[in-house]
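These notes concern the structure reproduced below.
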Amino acid sequence: MRNKSGAQYAASKYIEFTVNKPMSLLDFIMESMKGISRNKAKDILTGHGITVDRKSVSQYNYELRPGMVVRVSKHKRNNELKNKYVKIVYEDKDLIVIEKSAGILSMPAVTQQFSIKTVLDEYFTRRHFKCTAHVVHRLDRDTSGLMMYAKNIEVQRILEEHWQEIVTDRRYVAVVSGKMEKEGGTISSWLKDNKAYVTYSSPTDNGGKYAVTHFHTLDARERYSLVELKLETGRKNQIRVHMQDIGHPVVGDSKYGNGSDPIGRLGLHAYRLNFYHPITGEPMEFETPFPTLFTKLFPVSKPFHSTTEAPSE
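The sequence shown: position 17 = 17 (UniProt numbering), numbered continuously.
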């Protein structure tokens with residue numbers, strides 16, 4: 001999947017610096033880019049124009065260590081998209097990565113229904129781009145987090161046909177009911193919809209699709225737990241059904257939950273999306289903070305950190 005022109009393509013988009021002493025990211029940008037104002041440096045960070053070791057970072061006080069590689073985008077961020085449901089995280093001529101709010105469909109179920117796709121198509125039209133958003137994966141209406149859309153049929157085809165090789169890490173964070181007993185583990189079953197479109201789980205083959213979910217407990221309290229999840233397969237309603245299977249349904253889930261709704265929304269957020277660029281082969285890594293509605297249930301003295309390896313048994 002990698003293209004020999006990937007390095008040149010990346011070099012044309014970024015100014016690259018190597019860190020030689022510990023310091024905050026904002027201070028490093030100001031020191032490395034002589035003459036840049038503090039506000040301008042903050043604008044670049046806020047607009048996701050900075051990567052550290054190829055991971056998008058927007059924290060002003062992110063601590064850098066010697067040897068880290070910082071890239072600053074040469075292209076001015078376009079902030080024309082103003083929509084409470086959609087935030088652009090990254091965009092190039094082939095694809096767009098967005099952060100989705102809860103309460104909006106990934107794609108329309110009927111023509112012109114309000115969805116991420118219709119928002120992006122209107123955005124492209126306003127910018128006079130001759131492209132539309134092509135869906136390559138979905139999040140449920142009430143799940144928030146990172147999504148990727150192709151901007152042409154060819155990129156959509158590559159992503160659909162090589163999804164398992166291209167996407168290297170997709171992770172979620174969830175607030176679930178009750179106190180998780182295990183630090184981590186794996187849930188597996190066959191998932192199949194009934195005529196009412198309710199997904200049922202079976203430990204044996206029921207004619208449905210095999211699904212595997214890895215989990216890692218980040219915090220466990222008496223009433224609620226905060227859990228990190230990694231999908232080995234991407235089935236419809238997989239996380240919601242699997243958490244119901246082990247007796248800890250996602251909070252705010254009217255379909256597979258137990259009525260618990262402490263945050264006024266579904267407690268599921270796709271916080272990490274890592275993949276190889278389908279055209280250049282360049283590693284792309286994106287991560288969003290855990291929603292504050294989630295973490296307010298788990299007051300701690302320091303921020304939560306995800307696991308560096310895939311959760312497993």
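All C-beta atoms, glycine included, are put in the ideal place defined by N, C-alpha and C. As the structure is a computational prediction, the values presented were derived from the model and not from experiment.
Identify whether N152 lies in helix, strand or coil by the three-state DSSP scheme. coil
Quick check: what's the CA-CA separation for G281 versus V136? 17 Å
Can you tell me whether V198 is helix, strand or coil according to DSSP? coil
Just the Cα atoms here: how many angstroms apart are P203 and T143? 26 Å
Interface flag, G35 vs chain C, CB-CB below 8 Å: Here chain C cannot be found, since the structure has a single protein chain.
With DSSP run on the structure shown, which of helix, strand or coil describes V19? coil
Quick one: Cα of L191 to Cα of H162, how far? 23 Å
Using alpha carbons as the reference points, say which of L231, G267, V167 lies closest to T292. G267
Euclidean distance between Cα positions of T168 and E285: 9 Å
For the alpha helix (DSSP H) containing V173, name the first residue and the last one. Unbroken run through V173 is the beta strand (DSSP E), 167-177; no alpha helix (DSSP H).
From which residue to which residue does the alpha helix (DSSP H) around L105 run? Here L105 belongs to no alpha helix (DSSP H), and DSSP marks it neither H nor E.
Return yes when the Cβ of E183 is within less than 8 Å of the Cβ of T233, no when it is not. no
Check this for me: beta carbons of V251 and D261, under 8 Å apart or not? yes
Taking the Cβ atom as the reference point for each residue, do V173 and F294 lie within a distance shorter than 8 Å? yes
For N83, which of helix, strand or coil comes out of DSSP? strand
Kindly give me the distance between the Cβ atoms of G178 and H269, rounded to whole angstroms, as I take these residues to be in contact under 8 Å. Not really, about 19 Å apart at Cβ, beyond 8 Å.
Would you list, in sequence order, the uninterrupted beta strand (DSSP E) runs of no fewer than 3 residues that lie entirely inside the segment 88-147? 95-100
For Y224, I'd like the list of residues in its chain whose CB is within less than 6 Å of its CB, leaving aside the five on either flank, ordered along the chain. V175, L297
Quick check: L273 and R170, are their CB atoms within less than 8 Å of each other? yes
Thinking just about the alpha-carbon of each residue, which of V86, Y85, I50 is nearest to the one in R71? I50
In or out: S201 buried (at least 16 other Cβ within 10 Å) or exposed? buried
Can you give me the Cβ contacts of Q164 inside the same chain, cut-off strictly under 7 Å, excluding the 5 residues immediately before and after it? none
On the premise that S56 lies in contact with V89, defined as a C-beta separation below 8 Å, what is that separation, rounded to the nearest angstrom? 7 Å
With burial defined as no fewer than 16 other Cβ atoms inside 10 Å of the residue's Cβ, what is the status of F114: buried or exposed? exposed
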